[in-house]
Amino acid sequence: MRGKYKVAIVGSSGLVGRTVLRILEEKNFPNVIYTLFSSKNSANKKVSFLGEDYVFCELKEDSFNSNFDFAIFCAGGKVSKKYAPIAVSKGCIVIDNSSIFRMSPNVPLVVPEVNSEDIFKNKGIIANPNCSTIQAVLPLKALDEAYSIKRIVYSTYQAVSGAGRLGIEDLETKASNNSLKKFPYPIHNNCLPHIDIFTEDGYTKEEHKMIDETRKILKKPNLPITATCIRVPVTNCHCESINVEFDKDFDLYDVRILLQNFPGILVSDNIEKNQYPIPTKVNGNDEVFIGRIRRDYSVKYGLNLWVVADNLRKGAATNAVQILEKLIYA
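Residue numbers for the sequence shown follow my numbering, beginning at 1274 and rising by one.
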């Protein structure tokens, strides 16, 4: 680690941006100078950060003339598409939370516990994967190395915080059809099999993100994967049922040990004590929690997992900060 680093946080007033600030406070990196950028609407407002009052600066085309070393973008695809290349042209390495660059061949898509080596193959931009993908690939990486994955079936149950502040408001206010701000139907007391827009093949963009991003991160471009992504009336933490088929047999005890020993995973699985991960216990944590580990007897070498993680932390902000940490301490 060299002297002082200059780090920009773009979209720092939003839901993910504020979570990034909380995690940076927890990490408390030495020798880092932060500048917080926001939209015009939030500019000049103050936020308490690292024991001081920081002022949100309006993001402009000349904002990166100040020789930033790194930037974390949390402001959505339109902002990333416009401003990330500007930042890179000024010598800044961008860690981007949007989906804009994830599938670009020259942009590494990184979950540090899984493929940290790809961080240093960047050409100025490092993509943060989709929140639901991030929590899935930790156990999948461990299992693929040991047993070689043949097929994956995803069923996700995703919290409203994944849709931003308006999604949370729709749930908290019990919004009706006439007062919805985010979803096409009320989310209170409901489940919506519809995350992001529908594509011509009947899948949603969220489902395609999970399929395509998993293949890229695991470096298995032809791996058979299918997904159904559902929005559920939970404030925070995504839950996933993951069904995996392997090329060879496995021992359940070995699978548990393998997962327990993998970085970033906590196994919570004791059915005699009704012990399994649930959002209210996982919320606020950075680890990926796994339970309901059991064989799928409908195929020769099948396994079922229940996977829960805080989608604002590990699914977005924490993962980005972990990438930043690798860059700083390289």
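Glycine included, C-beta positions come from ideal geometry on N, C-alpha and C. Model, not experiment: these values are computed from the prediction.
Asked	Found
Does DSSP classify residue 1311 as helix, strand or coil?	strand
Hey, residue 1588 and residue 1407: beta-carbon distance below 8 Å or not?	yes
DSSP has residue 1569 in a bridge; who is on the other side?	1575
Does the distance from the CB of residue 1441 to the CB of residue 1434 come in under 8 Å?	yes
Mind the definition here: the stretch 1496-1505 touches the stretch 1453-1465 only if three or more C-beta pairs lie below 8 Å; say whether that holds.	yes
Would DSSP call residue 1359 helix, strand or coil?	helix
For the stretch 1288-1351, list the alpha helix (DSSP H) runs that are entirely contained and at least 4 residues long, ordered along the chain.	1288-1300
When DSSP labels each residue in this structure, what does residue 1511 get in the three-state scheme?	strand
Using alpha carbons as the reference points, say which of 1349, 1424 and 1316 lies closest to residue 1487.	1424
Quick one: grab the DSSP three-state call for residue 1286.	coil
Look up residue 1258 in the DSSP assignment and say whether it is helix, strand or coil.	A question about residue 1258 goes unanswered here, because the residues of the chain that appear run from 1274 up to 1603.
Use the C-beta contact count for residue 1431: other C-beta atoms within 10 angstroms, 16 or more gives buried, fewer gives exposed.	buried
Just confirm the distance between the C-beta atoms of residue 1330 and residue 1309, as a whole number of angstroms; I'd bet it's less than 8 Å.	7 Å
So, helix, strand or coil for residue 1488, using DSSP?	helix
Under a Cβ-count criterion, where at least 16 other Cβ atoms within 10 Å of its own Cβ denotes burial, should residue 1438 be classed as buried or exposed?	exposed
Can you find at least 3 beta carbon pairs, one from the stretch 1351-1370 and one from the stretch 1316-1328, that sit closer than 8 Å?	no
Taking the Cβ atom as the reference point for each residue, do residue 1490 and residue 1584 lie within a distance shorter than 8 Å?	no
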